[in-house]
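> Numbering (the working numbering), first residue to last: 12 to 129.
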Amino acid sequence: FNEGDVLNDIIFISIGDVMISKFNGMHQVLLGACQEGTYFGDFEYHKNTTSIASYRAATNCNLLAIAHHVINRATSTHLDAGREFKLQIEKRYEAFLKVVNTTMGSHMKADKFTLHLS
Numbered sequence: 012f013n014e015g016d017v018l019n020d021i022i023f024i025s026i027g028d029v030m031i032s033k034f035n036g037m038h039q040v041l042l043g044a045c046q047e048g049t050y051f052g053d054f055e056y057h058k059n060t061t062s063i064a065s066y067r068a069a070t071n072c073n074l075l076a077i078a079h080h081v082i083n084r085a086t087s088t089h090l091d092a093g094r095e096f097k098l099q100i101e102k103r104y105e106a107f108l109k110v111v112n113t114t115m116g117s118h119m120k121a122d123k124f125t126l127h128l129s
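(1) Just verifying my parser: in three-state terms, what is the DSSP assignment at V111?
(2) Kindly list the residues whose CB is nearer than 7 Å to the CB of A9, restricted to its own chain and excluding five residues on each side of it in sequence; keep chain order.
(3) Which same chain residues, not among the five before or five after L18, have their C-beta less than 6 Å away from its C-beta?
(4) Just the C-alpha distance for R84 and E105, rounded to the nearest angstrom, thanks.
(5) Work out the CA separation of L74 and M37 for me, nearest whole Å.
(6) Could you give the DSSP three-state label for D122: helix, strand or coil?
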């Protein structure tokens with residue numbers, strides 16, 4: 012998935028590693044990785060936006076995509092689990108913004124980045 016693509020799923024990684032990068036105006040900057048047993052696409056789900064980063068397989072991967080409407084149904088049926096899931100997304104998103112601020116430099120600070128996502 013490229014930054015700016017429509018991402019209508021949360022992607023769970025059952026096997027492999029996925030690299031996360033952002034375009035800094037000149038080239039892609041590596042921000043980190045999602046390993047086997049983790050997921051991505053949750054920021055886009057939470058912010059209801061296009062992909063905020065580029066995601067590329069670093070190794071052979073098996074991925075499981077769960078559509079946003081399925082997540083919505085599950086979180087509205089199981090309210091406590093839904094609240095916990097959204098809290099986890101918010102914590103992950105805050106950590107992601109710290110990495111972006113540190114890695115991308117002053118022109119991509121969180122306030123500008125967040126405004127882009129709104």
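We put the CB at the ideal spot given by N, CA and C, even for glycine.
Everything numeric in this text was worked out from a predicted model, so none of it was measured.
Looking at the atomic coordinates:
(1) helix
(2) The displayed coordinates of the chain run from 12 to 129. Any statement about residue 9 would go beyond what the structure contains.
(3) In chain order, F12, G52, E55 and S62 place their CB closer than 6 Å to the CB of L18, counting only its own chain and leaving out the 5 sequence neighbours on each side.
(4) 25 Å
(5) Near 30 Å, if we compare the C-alpha coordinates of L74 and M37.
(6) Annotation note: pLDDT 38 at D122 (below 50); position unreliable, coordinate value reported separately. Three-state result, D122: helix.
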